[in-house]
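Engineer: Please find one structure pasted underneath; my questions will follow.
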DNA sequence: CCAAAAGTGTTCACCGTACACCCATGT
DNA sequence: ACATGGGTGTACGGTGAACACTTTTGG
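Right, dumping it as structure tokens:
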């Protein structure tokens with residue numbers, strides 16, 4: 001930390017952006033808002049905003065923006081820092097440094113327009129990342145980073161359960177893996193592997209029949225956060 | 001990104017701090033500087049400093065501080081973003097947000113005091129992290145994060161070679177693993193495993209005799225950056 | 001009865017571990 | 001000669017992949 005004289009320290013605007021991900025309709029989706037003012041008016045962007053005051057904590061700012069712009073409660077979600085983006089010129093108005101967070105959510109309730117009345121929409125990440133899709137600022141790169149972080153965390157943590165409702169079946173959980181990874185998994189080996197991870201799942205003792213076929217057992221999230229051994233994607 | 005009126009945006013001071021790690025004298029060491037002015041005058045802290053201007057890129061600021069405070073050339077080193085620390089009150093003078101970077105270096109040349117004449121020293125991380133050791137600001141937490149990142153990256157990347165001289169033996173490389181992980185590895189299985197990772201090592205064809213015993217082959221870093229399959233620490 | 005999904009058992013190939021053993025040097 | 005570290009061969013146990021097979025429902 002520098003000891004330079006304080007009068008020479010340039011001050012910059014600090015923002016917090018959110019990549020809120022959910023699994024919905026067979027695809028990994030991200031919550032975006034349509035910008036109401038220039039620059040990038042009418043273009044999709046990550047929800048986020050500037051620090052509310054000089055004394056607001058970063059994590060608190062992220063939780064506040066999450067609740068303001070999506071109506072979701074931060075304490076119910078995983079919310080973790082992703083990375084900080086600060087290339088000069090990434091915001092045409094002024095120098096803006098953005099600390100980005102990722103959040104993982106089960107069924108997002110139909111997003112309500114936030115306090116500033118902008119529309120929040122869910123967009124499949126595959127669509128958001130297409131070259132033809134226009135995304136404001138450098139947010140497409142941020143989305144790509146968030147998606148890669150998510151794919152990677154499925155391998156060695158119990159994150160997948162965060163995408164499921166409070167009670168879920170083994171197939172619900174497998175669907176999360178298959179959708180996020182875009183890869184099919186053997187249901188039988190998957191079952192055995194997950195059951196073998198102590199503390200990942202807690203059986204409720206109940207069963208559900210949602211299709212023809214034998215009813216599936218219901219589980220709740222267990223206390224485990226890491227996967228031992230890891231659940232690896234196929235090398236491709 | 002918020003569309004709030006710009007006159008309401010609080011500005012904060014933005015700093016860049018560096019966790020420069022190296023393996024030396026049988027331990028993982030970190031470069032620290034003794035602060036010359038309050039707060040924490042005379043206390044060890046991470047090298048770093050404020051953004052030089054409102055238009056300076058974050059990565060550039062990190063590279064500049066690295067060269068200014070340690071004399072190391074950034075282009076020769078891995079330099080990657082670790083995390084951003086922004087708790088209010090972490091700097092008693094004013095609100096400071098710090099974007100932290102980690103760098104990995106082979107033999108650090110005896111660190112020369114930087115432009116502002118503060119002394120740079122190498123400290124074993126084990127010593128820096130001891131409860132009794134005083135470290136400025138929240139830098140002890142940052143050091144702990146940097147060390148954990150390093151330990152973890154050894155598992156699935158070829159990072160270990162970054163701690164070695166341009167030409168090194170298999171034992172040099174194994175020493176890095178053993179020192180960073182604090183764990184003994186079987187030399188024979190280690191050898192086979194590393195050799196099996198395509199692109200990790202390039203044999204120079206030369207041999208060195210540094211102790212009694214059969215001379216060891218010399219290698220250079222290869223183009224590979226990821227380890228397939230991973231080199232896992234023993235579960236403990 | 002049949003299709004379909006849940007879940008179990010079994011086989012096989014591969015990989016990490018442990019370790020016996022040989023190689024090549026300094027002293 | 002002998003200690004020491006470099007490097008190869010090999011046997012064993014565990015884990016993942018593939019898949020046959022049983023169980024239990026809806027239609």
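Protein chains in written order, with UniProt numbering: chain A, 1 to 236; chain B, 1 to 236.
In this text, a Cβ means the ideal position worked out from N, Cα and C, and glycines have one as well.
1) Find the residues of chain A that neighbour residue 55 of chain B, judging by a C-beta separation of less than 7 Å, and give them in chain order.
2) Take residue 224 of chain A and list the residues in its own chain whose beta-carbon comes closer than 7 Å to its own, dropping the five residues that flank it on each side.
3) Of all the beta strand (DSSP E) runs that stay within the bounds of the segment 121 to 189 of chain B, which reach a length of 3 or more residues?
4) Taking only heavy atoms of the ligand SAM into account, decide whether any of them is closer than 7 Å to the Cβ of residue 72 of chain B.
5) How would you list, in chain order, the residues of chain A whose beta-carbon sits under 9 Å from the beta-carbon of residue 143 of chain B?
6) Closer than 8 Å between beta carbons: that is the criterion. Which residues of the segment 9 to 28 of chain A meet it against chain B?
7) Step through the CB atoms of chain A and report whether any lies within less than 8 Å of the CB of residue 50 of chain B.
8) How close, in whole Å, do the beta carbons of residue 232 of chain B and residue 184 of chain B come, if the pair is a contact with beta carbons under 8 Å?
9) How should residue 272 of chain B be labelled, buried or exposed, when 16 other C-beta atoms within 10 angstroms of its C-beta is the threshold for buried?
10) Closest to residue 129 of chain A by CA distance: which of A:217, A:120, A:148 is it?
11) Could you round the C-beta distance between residue 54 of chain A and residue 16 of chain B to whole angstroms and report it? I think they count as a contact, below 8 Å.
12) If the cut is a Cβ gap below 9 Å, which residues of chain A does residue 84 of chain B touch?
13) Would DSSP call residue 93 of chain A helix, strand or coil?
14) Got a sec? Which residues, its chain only, sit under 7 Å from residue 80 of chain A by beta carbon, not counting five neighbours each side?
15) Tell me which residues share the same chain as residue 165 of chain B and place their Cβ nearer than 6 Å to its Cβ, disregarding the 5 neighbours each side in the sequence.
16) From the DSSP output, read off the bridge partner residues of residue 237 of chain B.
17) Relative to the C-alpha of residue 31 of chain B, which candidate in B:48, B:42, B:40 has its C-alpha closest?
18) Assuming contact is defined by CB atoms lying nearer than 8 Å, are residue 125 of chain B and residue 143 of chain B in contact in what I supplied?
19) Which residues in the same chain have their Cβ closer than 7 Å to the Cβ of residue 117 of chain A, if we skip the five residues on either side of it in sequence?
20) Could you tell me how far apart the beta carbons of residue 40 of chain A and residue 136 of chain A are, in whole angstroms, since I believe they sit closer than 8 Å?
21) So for residue 58 of chain B, helix, strand or coil by DSSP?
22) Please report the straight-line C-alpha distance between residue 97 of chain B and residue 88 of chain B, rounded to a whole angstrom.
23) Which value, in whole angstroms, describes the spacing of the CA atoms of residue 187 of chain A and residue 214 of chain A?
24) Return the Cβ separation of residue 65 of chain B and residue 18 of chain B in integer angstroms, given the expectation that the two are a contact with Cβ distance under 8 Å.
25) So, for residue 52 of chain B: in the same chain, excluding its five sequence neighbours on each side, which residues have a beta-carbon less than 8 Å away from its beta-carbon?
26) Output, in chain order, the set of chain A residues within a Cβ distance shorter than 9 Å of residue 228 of chain B.
27) Compute the distance between the beta-carbons of residue 34 of chain B and residue 46 of chain B, then report whether it is under 8 Å.
28) Could you work out which residue in A:175, A:227, A:59 is closest to residue 24 of chain A when comparing CA atoms only?
29) Determine whether the beta carbon atoms of residue 28 of chain A and residue 180 of chain A lie at a separation below 8 Å.
30) Residue 221 of chain B lies in the beta strand (DSSP E); which residues open and close that run?
Structural biologist: So, from the listed chains and residues:
1) Chain A residues near residue 55 of chain B: 88, 95.
2) 158, 197, 198, 199, 200
3) none
4) Ligands are entirely absent from the displayed structure, and the ligand SAM is therefore not among its contents.
5) Those do not exist, as residue 143 of chain B stays about 13 Å from chain A at its closest Cβ, beyond 9 Å.
6) 9, 10, 11, 12, 13, 14, 15, 17
7) yes
8) Actually they are not in contact, since the Cβ atoms of residue 232 of chain B and residue 184 of chain B sit about 15 Å apart, beyond 8 Å.
9) Nothing about residue 272 of chain B can be read from this structure; chain B reaches only from 1 to 236.
10) A:148
11) Between residue 16 of chain B and residue 54 of chain A the Cβ distance is about 19 Å, and since that is not below 8 Å, they are no contact.
12) Simply 58, 81, 83, 84, 97, 99.
13) coil
14) 101, 102
15) 106
16) Since the first and last residues shown for chain B are 1 and 236, residue 237 of chain B lies out of range.
17) B:48
18) yes
19) At residue 117 of chain A the pLDDT is 43, less than 50, meaning the model places this residue with poor confidence; the figure from the coordinates comes in the next sentence. Closer than 7 Å at Cβ, skipping near neighbours: no residue.
20) 4 Å
21) Judged by DSSP in its simplified three-state form, residue 58 of chain B adopts helix.
22) 9 Å
23) 14 Å
24) 6 Å
25) 61, 64
26) 235
27) no
28) A:175
29) In this structure, residue 28 of chain A lies near residue 180 of chain A, with their beta-carbon atoms less than 8 Å apart.
30) 216 to 221
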